[in-house]
Amino acid sequence: MNVRRHRKAIEKLYEDRCTISRFGPKKQPNGSTKNELYAVYTDKPCRISQKSLGSNGQTESANNISYETKFFISPDLEILQGDALKITRGRITASGWEPIGAEKEYKAGEPFPYQTHQEVSLQRKDKA
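Numbering of the sequence shown is given in this note's numbering, commencing with residue 292 and proceeding in unit increments.
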């Protein structure tokens, strides 16, 4: 198998864009460090796919949204379990990439790397 050609074919399917953030020490203006969320990668091509249908968590006060999503991205990027992802659905047109959906937030599960891509299970929990 020609891994380079296979990877290029997979990456043509990356129609979404993501920003990946994680908690860690960030230097403050006064020179001290503080643990906070910071962006590790921005505007990276990726693809998401719904893994399972959402469950209805309707309560008297709120309708909780909870479902799992599969996330595909380049194996060159280091994704850690617990990373925060903001993903915008998009599409590739003749003039380039354009967003077609709202930005949604997810938490990364443990990545499963391949030579051509990596798959990560994402959790989205929100209220409708």
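Note that beta-carbon positions come from the ideal geometry of N, C-alpha and C, so glycine has one too.
Residue interval of the alpha helix (DSSP H) (run including E302): Counting from 1 along the sequence shown, the entry for residue 302 is found at position 11. Per DSSP, E302 belongs to the alpha helix (DSSP H) from V294 to E302.
Three-state class that DSSP yields for P320 in the structure shown: As a first step, residue 320 is located in the sequence shown; it is residue number 29 there, counting from the start. Coil at P320, not helix or strand.
The region 391-400 / the region 328-337 touching (three or more Cβ pairs under 8 angstroms): The region 391-400, when compared against the region 328-337, does not touch it at the 8 angstroms Cβ threshold.
Alpha-carbon to alpha-carbon, G322 and D334: For this step, residue 334 is matched to residue 43 along the sequence shown. For this step, residue 322 is matched to residue 31 along the sequence shown. Roughly 29 angstroms separates the two Cα atoms.
Extent of the continuous beta strand (DSSP E) run through I383: Position 92 of the sequence shown, counted from the start, is the residue given in the question as residue 383. For I383, the uninterrupted beta strand (DSSP E) run begins and ends at A375 to T384, by DSSP.
Counted within 10 angstroms of its Cβ, other Cβ atoms place G381 as buried (16 or more) or exposed: The count along the sequence shown starts at 1 and reaches residue 381 at position 90. G381 comes out buried.
Residue of C309, D367 and T360 minimising C-alpha distance to T379: Working through the sequence shown from its first residue, we reach residue 379 at position 88. Measuring from the Cα of T379, the nearest candidate turns out to be C309.
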